[in-house]
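Below is one structure, written out as structure tokens, with a few remarks after it.
Protein chains: 2
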Amino acid sequence: MSPRPDRSSEAGQTAPVSQPDANLVKGIHQAVATRLNDDGVRYTNGRRALVEILARARQPLTVEELRALSAAPQSSIYRILAVLEDAELVHRFTNTNSEFARFELAEGLTGHHHHLACANCGTMTDVTLPADVEDHLDRAVTLLAAQQRFVVDEHRLDIIGTCATCADLR
Amino acid sequence: MSPRPDRSSEAGQTAPVSQPDANLVKGIHQAVATRLNDDGVRYTNGRRALVEILARARQPLTVEELRALSAAPQSSIYRILAVLEDAELVHRFTNTNSEFARFELAEGLTGHHHHLACANCGTMTDVTLPADVEDHLDRAVTLLAAQQRFVVDEHRLDIIGTCATCADLR
DNA sequence: ATGAGTGCAAAGGCTTTGCATTAGG
DNA sequence: CCTAATGCAAAGCCTTTGCACTCAT
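Keeping their order, the protein sequence lines are chains A and B.
Residue numbering for the first sequence follows numbering that gives the first Met the number 0, starting at 0 and increasing by one per position.
Residue numbering for the second sequence follows numbering that gives the first Met the number 0, starting at 0 and increasing by one per position.
As structure tokens, then:
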């Protein structure tokens, strides 16, 4: 009668921090700096370091994963994430599997995308739908919502299944 | 620097338990009974009562909302939900807003649908996309995933915005 | 009778917060 | 200098669990 998936074993493959992509990352830092500055909030080393990690990741990360990559204590990580979330620079959510929270840079910084979520190892990777599909979907969603006088702000699509790595391990 | 939305005030409008729809509900009980029986699990009064509430709701409910509608103690609610989740009769997830968990009957019982999630009051309501849009999306998703050797199991689409009630209150 | 199910209260585990210290402008 | 930011440890809060009791078969 397993109540909830075991959290400790759920990390799956280690969190990837891929190749530099220096220009893109630099641009993100710039945007974050500007935004925080406008908000009268300091862009300190600790905050810059976390943004760097999030910018290089190709996927939303958990606090545990961030901790493994960041040297900052948990409380600081949570606090920095809260600051960035308030500034709408970071998006926080929890996977369908209802494990712990995951964090990613806001779409304003990374562009609109969706997630491939592996039901086995829990990892998520970013994906982008073809523009025409996205348009089609967007129009349908707006129309549908309007019927209920619901004003659409955004949509989030998660694709759940089994990732290649987990499939290979079987 | 609001870290997380305040949980206590988030209930929003009270959880709706709409008109009977007796036949549909009866069918759901039937399906649940069969499934649990196959699993060698008893369909007790407490469990039946919870399923009844979920079946009548037009939306995923939190434990707090279930509690308000159910008379059973929290621990039993959580335990019953865990049993139903294990039997794949209930789906558990947490809203983008990262509040507490929400529960709904599995799509096997209710049919495939998506959610209109109000960013203000936190309530969610079920919606269905036109079949052609759903098809278009489904094909694109499968294709996209295949490129990464990701095997799609299902997809979940949440539409975030402001519900009519909250819009009126402004 | 006998094991599954239920209730209560206590424990767990991710997340938040108070307070003293450090660092940024 | 002076306020914002950080670190540590303690507290919070949703959720889970141990144990005794009850109910269904």
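Virtual Cβ for every residue (Gly too), placed ideally from N, Cα, C.
Next item on the list: Put threonine 164/A into one of helix, strand or coil per three-state DSSP.
Entry: Looking at threonine 164/A - three-state DSSP - the assignment turns out to be helix.
Does the CB of methionine 0/B have a neighbour CB from chain A at under 7 Å? A caution first: methionine 0/B carries a pLDDT of 43, below 50, which makes its placement in the model unreliable, though a value can still be read off. So yes, methionine 0/B belongs to the interface.
Point to revise | Any chain B beta carbon closer than 7 Å to glutamate 153/A | key: It does; some Cβ of chain B falls within 7 Å.
Exercise. Quick one: is asparagine 94/A buried, meaning 16 or more other Cβ sit within 10 Å of its Cβ, or exposed?
Worked result: Buried, because 16 or more other Cβ atoms sit within 10 Å of the Cβ of asparagine 94/A.
(request) Determine the closest residue to valine 89/A out of Ala67/A, Ala30/A, Asn44/A, with distance taken between C-alpha atoms. (result) Closest by alpha carbon: Ala30/A.
Q.
So, under 8 Å CB-CB, glycine 45/B and serine 74/B are touching, yes? Tell me the CB distance rounded to an integer number of Å.
A. Taking the Cβ atoms as the reference, glycine 45/B lies roughly 11 Å from serine 74/B, outside the contact range of under 8 Å.
Can you find a CB in chain B that lies within less than 7 Å of the CB of leucine 65/A? For leucine 65/A, the closest Cβ of chain B is not nearer than 7 Å.
Which word fits leucine 23/B, buried or exposed, when buried means at least 16 other C-beta atoms lie within 10 angstroms of its C-beta? Under this definition leucine 23/B is an exposed residue.
*asked:* Checking 7 Å against the spacing of the C-beta atoms, do isoleucine 27/A and alanine 54/A come in under that value?
replied: Inclusion of isoleucine 27/A and alanine 54/A in the CB contact set at 7 Å is warranted, their separation being smaller than that value.
DSSP three-state label for arginine 66/B, please. DSSP places arginine 66/B in helix when its eight states are reduced to three.
Q: Starting from the C-beta of cysteine 185/B, find all residues in its chain whose C-beta is less than 7 Å away, skip the five residues before and the five after it, and write them out in chain order.
A: Given that chain B is displayed from residue 0 to residue 169, the structure contains no residue 185/B and the question cannot be resolved.
So, does the CB of threonine 95/B fall closer than 7 Å to a CB anywhere in chain A? So, interface residue.
Practice prompt. Anything in chain B within Cβ reach of threonine 161/A, meaning under 9 Å, just list it in chain order.
Written response: In chain order: Phe149, Val150, Val151, Asp152.
Exercise. Under 7 Å Cβ-Cβ, which residues of chain B neighbour isoleucine 158/A?
Worked result: The CB of isoleucine 158/A comes closer than 7 Å to the CB of Val140, Ala144, Val151, His154 in chain B, given here in chain order.
Legend entry - Burial state of alanine 70/B, where buried means 16 or more other Cβ atoms lie within 10 Å: Result: exposed.
Can you give me the C-alpha to C-alpha distance between threonine 43/B and threonine 122/B, rounded to a whole angstrom?
Whole-angstrom Cα-Cα distance: 29 Å.
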